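Peer 1: Residue 448, in UniProt numbering, is where the sequence shown stops; the numbers in between run on with no holes.
To start, I am sharing the structure in question, which I have written as structure tokens.
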Amino acid sequence: MDQSAPVSLVQKAAWRRSSDLASLPEVNRSIAVRPGSVWRRAAAFLGPGYLVAVGYMDPGNWATSIAGGSKYGYALLSVALISNIMAIILQSLCARLAVATGRDLAQACRDAYPRPVAWILWVLAELAICATDLAEVIGTAIGLNLLFGIPLEIGVIITALDVFLILYLQNLGFRWVEAFIITLLGVIAICFGIQIAMADPDWAGVITGFAPTTEIVTNPDMLYLALGILGATVMPHNLYLHSGIVQTRAYGDTLSERREALRFATLDSTIALMFALTINASLLILAAAAFHHTGRSEIAELGEAHTLLKPILGSAIAPMLFGLSLLCCGLNSTVTATMAGQIVMEGFISFKMAPWMRRLITRGIAIIPAAGVTIAYGEGGTAKLLILSQVILSLQLPFAVIPLVTMTASRAKMGALVTPRWLTAIAGFIAAVIVALNVKLLVDFATG
Numbered sequence: 001m002d003q004s005a006p007v008s009l010v011q012k013a014a015w016r017r018s019s020d021l022a023s024l025p026e027v028n029r030s031i032a033v034r035p036g037s038v039w040r041r042a043a044a045f046l047g048p049g050y051l052v053a054v055g056y057m058d059p060g061n062w063a064t065s066i067a068g069g070s071k072y073g074y075a076l077l078s079v080a081l082i083s084n085i086m087a088i089i090l091q092s093l094c095a096r097l098a099v100a101t102g103r104d105l106a107q108a109c110r111d112a113y114p115r116p117v118a119w120i121l122w123v124l125a126e127l128a129i130c131a132t133d134l135a136e137v138i139g140t141a142i143g144l145n146l147l148f149g150i151p152l153e154i155g156v157i158i159t160a161l162d163v164f165l166i167l168y169l170q171n172l173g174f175r176w177v178e179a180f181i182i183t184l185l186g187v188i189a190i191c192f193g194i195q196i197a198m199a200d201p202d203w204a205g206v207i208t209g210f211a212p213t214t215e216i217v218t219n220p221d222m223l224y225l226a227l228g229i230l231g232a233t234v235m236p237h238n239l240y241l242h243s244g245i246v247q248t249r250a251y252g253d254t255l256s257e258r259r260e261a262l263r264f265a266t267l268d269s270t271i272a273l274m275f276a277l278t279i280n281a282s283l284l285i286l287a288a289a290a291f292h293h294t295g296r297s298e299i300a301e302l303g304e305a306h307t308l309l310k311p312i313l314g315s316a317i318a319p320m321l322f323g324l325s326l327l328c329c330g331l332n333s334t335v336t337a338t339m340a341g342q343i344v345m346e347g348f349i350s351f352k353m354a355p356w357m358r359r360l361i362t363r364g365i366a367i368i369p370a371a372g373v374t375i376a377y378g379e380g381g382t383a384k385l386l387i388l389s390q391v392i393l394s395l396q397l398p399f400a401v402i403p404l405v406t407m408t409a410s411r412a413k414m415g416a417l418v419t420p421r422w423l424t425a426i427a428g429f430i431a432a433v434i435v436a437l438n439v440k441l442l443v444d445f446a447t448g
């Protein structure tokens, strides 16, 4: 194989269309990978994984984790763990696709499938991003309400202003975006660390909770929440996002340089997603310790959880930390959802739109139902809408996962960086599990 070119002639022939635009062209190959020690080169790849990790702890995940922890105690920790393992494997395939082909997942779908199929996948990807944005709108608005007393209806509208924050960060450079994300993740980790210490959970029960139970599949209500956790953990837009932002690194074009880039990018995302698991598990543990074991098994609203933390944990600082970490999650998620939206639109239909316009359109689509439900039903309605948004994401997953697994398994498309057969087999099993769970969910609803 020619090691001087990123994509061989054989690979080019395997695609229906050629790649005509770099992913996220404003920042593509903008971060240098300077020569030096292995540690220095590896450090250049640290960052994208944490942007991906944000999607695994967004406000929608809070609703499902709190509902699951309060109703079933520590039992759904096993779902969080399994979902995280799935995420690590699937995100490694995203990095592999990007490094091997120079395409993000949206571009790869456009170039691999007939145009009608690509357009259907584009519409489904946009729906997934709207569901993601809906969770962020509600979560950020609730965070503003909990911390500053801003009414939910006003908070929903205020969330549209985050476009200016995103534009400012992007103008400073991609490393500033990553620094902003990592800083907020640090704040979230500290907040949860303090709250977990105050809740004093049953650590034996926590360890037992990481062992799967058959009740998750046989109990429709438990399966619904489990699918919500799955949808909030393995998120469709993250697959598109990761395959784009990996390409912000200016790695070389030889086969050895691309192998190294893939190794470092996979390490980055794996470490970041283990951090995300820690946060998600902490949230579920907090809900189980504070609510389930005190007899409050029906807590699903974020505002209700916030209010009850003070009398249950016995400190005024607990609800403040809860609100602060929720607001940080909402702000973080808006940044990554905007970039994912840009990747999806430019990749699938080669349509370029100014980031601020793209942001206002997607945020507007999310604000309308969020504002309507908030005004009509109050906080209880927003909690149900949050969980529903995560289940919608889970239902969209197969339409991103299956193309990812099949394309990265193709030697004709991937060349020397094709996914090993053993990894393809695991990823294929993950895709089958996701499809099977979604089919069971639909059957339960149809017959329930």
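Glycine residues also receive a C-beta, built at the ideal position from the N, C-alpha and C atoms.
Here the structure is a predicted model, which is why all the values come from computation and not from measurement.
Give the straight-line distance between the Cα atoms of Ile392 and Phe399, rounded to the nearest whole angstrom.
Peer 2: Sequence index remark: in the sequence shown, residue 392 carries index 392 (1-based). Sequence index remark: in the sequence shown, residue 399 carries index 399 (1-based). Going by the C-alpha atoms only, they are around 12 Å apart.
Peer 1: Who are the Cβ neighbours of Gly193 in its own chain at under 8 Å, not counting the five residues just before and after it?
Peer 2: Taking the first residue of the sequence shown as 1, we reach residue 193 at position 193. Counting only Cβ-Cβ distances below 8 Å, and skipping sequence neighbours, we find Ser282.
Peer 1: Using the beta-carbon count (16 or more within 10 Å), is Ala75 buried or exposed?
Peer 2: Here residue 75 corresponds to residue number 75 of the sequence shown, with the count starting at 1. Looking at its Cβ environment, which holds 16 or more other Cβ atoms inside 10 Å, Ala75 is buried.
Peer 1: Does the beta-carbon distance from Ala287 to Ile312 come in below 7 Å?
Peer 2: On the sequence shown, residue 287 is found 287 positions in, with the first residue counted as 1. On the sequence shown, residue 312 is found 312 positions in, with the first residue counted as 1. Not a contact, by the Cβ cut-off of 7 Å.
Peer 1: Please say whether Ala128 and Pro236 have beta carbons closer to each other than 7 Å?
Peer 2: For the purposes of this step, residue 236 is identified with residue 236 of the sequence shown, where counting begins at 1. For the purposes of this step, residue 128 is identified with residue 128 of the sequence shown, where counting begins at 1. Result yes, Cβ atoms of Pro236 and Ala128 sit closer than 7 Å.
Peer 1: Whose CA, out of Phe348, Ile368, Thr338, Ser350, lies closest to the CA of Met357?
Peer 2: Position 357 of the sequence shown, counting from 1, holds the residue named residue 357. The option with the nearest alpha carbon to Met357 is Thr338.
Peer 1: In the DSSP assignment, what residue or residues form a beta bridge with Arg249?
Peer 2: In the sequence shown, the residue the question calls residue 249 occupies position 249. Beta-bridge pairing links Arg249 to Ile31.
Peer 1: Please determine, among Val206, Thr183, Gln170, the residue with the shortest C-alpha to C-alpha distance to Thr248.
Peer 2: On the sequence shown, position 248 is the one that residue 248 refers to. The option with the nearest alpha carbon to Thr248 is Gln170.
Peer 1: Is there contact between the segment 94 to 103 and the segment 199 to 218, where contact requires at least three CB pairs shorter than 8 Å?
Peer 2: The segment 94 to 103 is not in contact with the segment 199 to 218.
Peer 1: Give me the residue from Trp39, Ala416, Leu423 with the minimum Cα distance to Leu404.
Peer 2: One-based indexing of the sequence shown puts residue 404 at position 404. Considering only alpha carbons, the answer is Leu423.
Peer 1: Flag this pair as touching only if the segment 40 to 49 and the segment 261 to 270 have three or more C-beta atom pairs under 8 Å; answer yes or no.
Peer 2: Judged by Cβ distances under 8 Å, the segment 40 to 49 makes contact with the segment 261 to 270, as three or more pairs qualify.
Peer 1: Per DSSP, what kind of secondary structure is Tyr72 in: helix, strand or coil?
Peer 2: Against the sequence shown, residue 72 aligns to sequence position 72. Reduced to three states, the DSSP call for Tyr72 is helix.
Peer 1: Between the Cα of Ala261 and those of Ala135, Gly347, Pro114, Ile245, spot the shortest distance and give me the residue it belongs to.
Peer 2: Counting from one through the sequence shown, the residue named residue 261 turns up at place 261. When only C-alpha atoms are compared, the closest one is Ile245.
Peer 1: Which one of Val33, Phe322, Ala22, Leu277 has the shortest CA to CA distance from Glu257?
Peer 2: The residue given as residue 257 occupies position 257 in the sequence shown. Ranking Val33, Phe322, Ala22, Leu277 by Cα distance to Glu257 puts Val33 first.
Peer 1: Closest by CA to Ala14, which one among Phe180, Trp62, Tyr113?
Peer 2: Within the sequence shown, the letter at position 14 stands for residue 14. Of Phe180, Trp62, Tyr113, the residue nearest in Cα terms is Tyr113.
Peer 1: Do you know how far the Cα of Ile196 is from the Cα of Ile150?
Peer 2: Along the sequence shown, read from residue 1 onward, the residue named residue 150 stands at position 150. Along the sequence shown, read from residue 1 onward, the residue named residue 196 stands at position 196. Between Ile150 and Ile196, the C-alpha separation is close to 27 Å.
Peer 1: Report the residue from Leu417, Val439, Ile88, Cys191 whose alpha carbon sits nearest the alpha carbon of Thr254.
Peer 2: The sequence position of residue 254 within the sequence shown is 254, counting from 1. Answer by Cα proximity: Leu417.
Peer 1: From which residue to which residue does the alpha helix (DSSP H) around Thr266 run?
Peer 2: The residue labelled residue 266 in the question sits at position 266 within the sequence shown. It spans 255 to 290 - the alpha helix (DSSP H) in which Thr266 sits, taken as one unbroken run.
Peer 1: Taking the straight line between their C-alpha atoms, what separation do you get for Asn207 and Val27?
Peer 2: Residue mapping note: residue 207 aligns to position 207 of the sequence shown, counting from 1. Residue mapping note: residue 27 aligns to position 27 of the sequence shown, counting from 1. The identity of residue 207 in the sequence shown is Ile, whereas the question assumes Asn. Those two C-alpha atoms are separated by around 43 Å.
Peer 1: How about Met86 and Ile430: do their beta carbons lie closer than 7 Å?
Peer 2: As a first step, residue 86 is located in the sequence shown; it is residue number 86 there, counting from the start. As a first step, residue 430 is located in the sequence shown; it is residue number 430 there, counting from the start. Closer than 7 Å, so yes.
Peer 1: Decide if Met274 is buried, meaning its Cβ has at least 16 other Cβ atoms within 10 Å, or exposed.
Peer 2: Position 274 of the sequence shown, counted from the first residue, corresponds to residue 274. Label assigned to Met274: exposed.
Peer 1: Could you tell me the alpha carbon to alpha carbon distance between Ser4 and Gly252, rounded to whole angstroms?
Peer 2: As a first step, residue 4 is located in the sequence shown; it is residue number 4 there, counting from the start. As a first step, residue 252 is located in the sequence shown; it is residue number 252 there, counting from the start. Only weak support exists for where Ser4 lies, its pLDDT of 41 falling under 50; the value from the coordinates is given anyway. Rounded to whole angstroms, Ser4 to Gly252 spans 9 Å at the Cα level.
Peer 1: Please identify the residue among Val54, Gly205, Gly73, Ala106 whose C-alpha is closest to the C-alpha of Thr294.
Peer 2: Residue numbering aside, residue 294 sits at position 294 when the sequence shown is read from its first letter. The candidate whose alpha carbon is nearest that of Thr294 is Gly73.
Peer 1: Check whether the Cβ atoms of Leu124 and Gln396 sit closer than 7 Å, and answer yes or no.
Peer 2: Stepping through the sequence shown from its first residue, residue 124 is reached at position 124. Stepping through the sequence shown from its first residue, residue 396 is reached at position 396. It is a contact, given that the beta carbons lie within the stated cut-off.
Peer 1: Taking Cβ to Cβ, would you say Gly330 is nearer than 7 Å to Thr140?
Peer 2: Numbered from its first residue, the sequence shown carries residue 330 at position 330. Numbered from its first residue, the sequence shown carries residue 140 at position 140. Yes, Cβ-Cβ distance for Gly330 and Thr140 is below 7 Å.
Peer 1: Terminal residues of the continuous alpha helix (DSSP H) containing Glu215?
Peer 2: Counted from its first residue, the sequence shown places residue 215 at position 215. That run of the alpha helix (DSSP H) goes 215 to 218.
Peer 1: Using three-state DSSP, classify Phe348 as helix, strand or coil.
Peer 2: Indexing the sequence shown from 1 puts residue 348 at position 348. Three-state result, Phe348: helix.
Peer 1: Looking at C-alpha atoms only, which residue of Ser315, Thr334, Ser92, Ile434 is the closest neighbour of Ile166?
Peer 2: Walking along the sequence shown from the start, residue 166 turns up at place 166. Per the Cα distances, Thr334.
Peer 1: For Ala427, does the three-state DSSP call read helix, strand or coil?
Peer 2: One-based indexing of the sequence shown puts residue 427 at position 427. In this structure, Ala427 counts as helix in the three-state DSSP scheme.
Peer 1: Use the C-beta contact count for Ala100: other C-beta atoms within 10 angstroms, 16 or more gives buried, fewer gives exposed.
Peer 2: Residue numbering aside, residue 100 sits at position 100 when the sequence shown is read from its first letter. Ala100 is buried by the Cβ-count criterion.
Peer 1: Taking the alpha helix (DSSP H) that Asp133 belongs to, which residues open and close that run?
Peer 2: Position 133 of the sequence shown holds residue 133. Residues 115 to 148.
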